[in-house]
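Visitor:
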Amino acid sequence: MDPQLLTAARTGDVNLIKQLVDAEKNILSSTTPQGNTALHMAARFGYKALVEEIMNCQPSLVHKTNLKGETPCHVTAKAGWFDVLLLFKAAVEDMARVRDVNGDTPLHCAVRNNHKLVVWLLVEGDQEALGMVNNAGQSPLVIAIDLGFSPLADSIIFANPSTLDHRGDNNQTPLHRAVLNRDIAVTMKRILALKPELIVEQDYRGRNPLHYAVSSGDSEMVKKLLASNISAAYQEDDNQQIPLHLAAKKGQVSLLKLLLNPCPDTIEMIDNEHRNILHLSAQNGFMNVVLYVLDLPEAEDLVNAPDSKGNSPLHLAAMNFHSNVVYILSRNPKVDIRVRNQNVQTALDAVYSIDDCGMELQKHLTLKTLKSSYRKRARDLLQDGGLHDTEVKKANKIGQKSREMATTLLLMATLIATFTFTAAFTIPGGFKNEDPDEGMAVLIGKSAFKAFVVTDSIAFTTSMTAAVIVFWSSSYQVTESFMDTLPFAIGLTWIALLAMGLAFVTGLFVVLSKTLWLAILVCVIGCTSPAILYLFAPLFLLVFDRLSSSPTSLARRQNILEDNPFLFIFRLAKMIY
């Protein structure tokens, strides 16, 4: 494109355009590298006078497309220039139906940018254009819902209610999209008023809008959908799971109550693996749901029900190392802890037979809970309080990895103790050499120095205690006794690491306090990095594990909240009592 022509189009200089056209008649046919004409440029910037002049000089440019297949009408609708679009409407027939390479019409462009007045101009006399879909299967209504333009979506529905019949390439209705975007205030209310039957329409996964409302955990949305059409609570998706099953899988007790109140008989329904809500909640480790279900009158029919592989809820909780759920189930008198699956395994046998996936301690806690229940309820099977020979071999195999971990832990605790012991006698600032305070710390009056002494002492004491525990427990020949003490040593080592980090920061702060900005920077780096790593490490693991489908990743994902060593201490102490 001629530089002068481009400048005139970008600045709206009508006189310059006239001069250039007089000098070279076909100059308006030239384009930019992306195929945009001067009319595209003038329309983009909303220069009405310039657009009118170019159209008078060369009317055919109104239909000219760029490399994206966009006409000047698309560009104008995208920018939202109402008065410019009025000029095009008089010159272009069915302006709202012209498509670009993506199948978008100017109407799609206007909706995507929330230009309400432009939308009404485009559909004036042609409301049917609102039902057109682009190559991605999106109608203007779906775009408005997905982008959260509720008033615009409501207006589109009001102008052409037939747009509610549209289904996208994933077979989802506008009500599905409204639920997924949690548009409960305007759009969903309008849809339910006009087409309540959409509640039972199923998408490509066989799920109706109520399935997605439950998955999102939005109780208000679930209430409104149930009030409109209760039959949606009975519909099964491709996995034969009803909304109640999804609530159990997500650990949503409040939604379980909402769904069971009008539809109490749904508690009997099972999915394609013959699993009921107790199976699903136990498998995913949701103790709150398990406790709620066990209090229901129907619990007796659920607690020992086998799935397609013969596993009871106790089997599934134990096989996923959810020791807290195992504790609740195994202590419930309704639960038969001796029931066997299709592999002729009890829950205890099943835990022994599967790999720990790097979670020896979670597996140990689960085994400890089950064996404790066996001792209380099945003393005839474990009269000596011990294990059979085959179980001893399996337990020793589990303990072998933990003993290797203990060796590393002992080395780490010893190193921490060595460092903190050395730091105590090479303190920041040194010692006084004059009487009568000879041998006293020079910086003893500083608060940061006192913090250094305290944190260094904590690090030394806890690391030494951890080392003693590991050394002492290693003398145990019984794997179970050894495993009982290991979580305490892990917790103390974590405390020692954090205290050593704080001692390092406070020690540097006291000697750098004259340069305050540097001292503060050291504190920020030293305090935040370890804290973030420790507190959010399980979340980082969860994100990275989503990229993998290995058994280790899946098991860690199911037990992500059990990775904190302090939780091991709490839960172990609870079970020992």
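Residue numbers for the sequence shown follow the UniProt record's numbering, so the first one is 1 and each next one is one higher.
Note that the Cβ used here is the ideal one computed from N, Cα and C, for glycine as well.
Keep in mind it's a predicted model, so treat the numbers as computed, not measured.
1. Skipping 5 residues on each side, what residues in its chain have a beta carbon closer than 7 Å to that of Phe45?
2. Beta-carbon within less than 6 Å of Leu554's beta-carbon, same chain only, minus the 5 sequence neighbours each way: which residues are those?
3. Which whole-angstrom value describes the C-beta separation of Ala347 and Leu314, a residue pair presumed to lie in contact below a C-beta threshold of 8 Å?
4. In angstroms, rounded to a whole number, what distance separates the CA positions of Ala423 and Lys514?
5. Specify, as a first and last residue, the run of the alpha helix (DSSP H) that Ile112 falls within.
6. Determine whether the beta carbon atoms of Glu128 and Thr173 lie at a separation below 9 Å.
7. Thinking C-beta only, is Ile156 closer than 9 Å to Val119?
8. Is the CB-CB distance between Val142 and Gly168 below 9 Å?
9. With distances taken from CA atoms, which of Cys357, His108 and Gly285 is nearest Val326?
10. If we ignore side chains and look at the alpha-carbon of each, how far apart do Thr420 and Asp456 end up?
11. Mapping DSSP to helix, strand and coil, what is Ala441?
12. Evaluate Thr447 with the Cβ neighbour count: other Cβ atoms within 10 Å of its Cβ, from every protein chain shown; 16 or more gives buried, anything less gives exposed.
13. Measure from the alpha carbon of Gly137 to the alpha carbon of each residue in Arg177, Met440 and Gly507, then state which is nearest.
14. Express the C-alpha separation of Met269 and Gln240 in angstroms, rounding to a whole number.
15. With a cut-off of 8 Å on the beta carbons, I'd call Val51 and Leu87 a contact; round off their distance for me.
16. How many Å lie between Glu300 and Pro161 at the Cα?
17. When you compare the stretch 331-338 with the stretch 315-323, are there three or more beta-carbon pairs, one atom per stretch, that lie closer than 8 Å?
18. Quick one, which of Lys64, Cys57 and Lys116 has its alpha-carbon nearest Lys78's?
19. Rounded to whole angstroms, what's the CA-CA distance from Ile469 to Ala451? Just pull it up for me.
20. Going along the chain, which residues of its own chain have a beta-carbon closer than 6 Å to the beta-carbon of Ala159, five neighbours each way excluded?
21. Mind checking whether Met287 and Ile328 have CB atoms under 9 Å apart?
22. Following the continuous alpha helix (DSSP H) through Thr7, name the residue where it begins and the one where it ends.
23. Is it the case that the Cβ atoms of residue 586 and Ile199 are separated by a distance below 9 Å?
24. Helix or strand or just coil, what does DSSP make of Pro306?
25. Applying the criterion that 16 or more other CB atoms from any shown protein chain within 10 Å of the CB defines a buried residue, is Trp517 buried or exposed?
26. Along the chain, where does the alpha helix (DSSP H) that runs through Glu93 open and close?
Guide: Reading off the structure:
1. Working through the sequence shown from its first residue, we reach residue 45 at position 45. Same-chain partners within the cutoff: Arg10 and Gly12.
2. Against the sequence shown, residue 554 aligns to sequence position 554. Bear in mind that the predicted position of Leu554 carries a pLDDT of just 41, short of 50, making it too unreliable to give a figure here.
3. Within the sequence shown, the letter at position 347 stands for residue 347. Within the sequence shown, the letter at position 314 stands for residue 314. About 5 Å separates the two Cβ atoms, so the contact holds.
4. Numbered from its first residue, the sequence shown carries residue 423 at position 423. Numbered from its first residue, the sequence shown carries residue 514 at position 514. Their Cα atoms are separated by approximately 22 Å.
5. The count along the sequence shown starts at 1 and reaches residue 112 at position 112. The identity of residue 112 in the sequence shown is Arg, whereas the question assumes Ile. Arg112 -> alpha helix (DSSP H) spans Pro106 to Arg112.
6. To locate residue 128, count along the sequence shown from 1; it is residue 128. To locate residue 173, count along the sequence shown from 1; it is residue 173. Not closer than 9 Å, so no.
7. Walking along the sequence shown from the start, residue 119 turns up at place 119. Walking along the sequence shown from the start, residue 156 turns up at place 156. Contact: yes.
8. Position 142 of the sequence shown holds residue 142. Position 168 of the sequence shown holds residue 168. Against a cut-off of 9 Å, the Cβ pair of Gly168 and Val142 comes out as a contact.
9. For the purposes of this step, residue 326 is taken as the residue at position 326 of the sequence shown. With distances taken between Cα atoms, Val326 lies closest to Gly285.
10. For the purposes of this step, residue 420 is taken as residue 420 along the sequence shown, with counting starting at 1. For the purposes of this step, residue 456 is taken as residue 456 along the sequence shown, with counting starting at 1. Going from the Cα of Thr420 to the Cα of Asp456 covers about 6 Å.
11. Position 441 of the sequence shown, counted from the start, is the residue given in the question as residue 441. Ala441: strand per DSSP, three-state reduction.
12. Start at 1 with the first residue of the sequence shown, and residue 447 comes out as number 447. What sits at residue 447 in the sequence shown is Ser, not Thr. The residue in question, Ser447, is exposed, as its Cβ has fewer than 16 Cβ neighbours within 10 Å.
13. Counting from 1 along the sequence shown, the entry for residue 137 is found at position 137. Among Arg177, Met440 and Gly507, the Cα nearest to that of Gly137 belongs to Arg177.
14. In the sequence shown, the residue the question calls residue 240 occupies position 240. In the sequence shown, the residue the question calls residue 269 occupies position 269. Near 9 Å, if we compare the C-alpha coordinates of Met269 and Gln240.
15. Counted from its first residue, the sequence shown places residue 51 at position 51. Counted from its first residue, the sequence shown places residue 87 at position 87. That pair is a contact at about 6 Å.
16. On the sequence shown, residue 300 is found 300 positions in, with the first residue counted as 1. On the sequence shown, residue 161 is found 161 positions in, with the first residue counted as 1. Each residue's alpha carbon lies about 49 Å from the other.
17. The stretch 331-338 makes no contact with the stretch 315-323; the number of CB pairs closer than 8 Å stays below 3.
18. Your numbering for residue 78 matches position 78 in the sequence shown. Just measuring C-alpha positions, the residue of Lys64, Cys57 and Lys116 sitting nearest Lys78 is Lys116.
19. Residue 469 sits at position 469 when you count from the first residue of the sequence shown. Residue 451 sits at position 451 when you count from the first residue of the sequence shown. Computed Cα separation, rounded: 27 Å.
20. In the sequence shown, the residue the question calls residue 159 occupies position 159. Excluding positions up to five away in sequence, the list reads Gln127.
21. Walking along the sequence shown from the start, residue 287 turns up at place 287. Walking along the sequence shown from the start, residue 328 turns up at place 328. Met287 places its beta carbon less than 9 Å from that of Ile328.
22. Sequence index remark: in the sequence shown, residue 7 carries index 7 (1-based). Pro3 to Thr11 is the extent of the alpha helix (DSSP H) around Thr7.
23. No information on residue 586 is available, as it lies outside the stretch 1 to 577 that the chain covers here.
24. In the sequence shown, residue 306 corresponds to position 306, counting from 1. Residue state, collapsed to three classes: coil.
25. Residue mapping note: residue 517 aligns to position 517 of the sequence shown, counting from 1. With fewer than 16 other Cβ atoms within 10 Å, it is exposed.
26. Start at 1 with the first residue of the sequence shown, and residue 93 comes out as number 93. It is not in any alpha helix (DSSP H) - Glu93 carries neither H nor E in the DSSP assignment.
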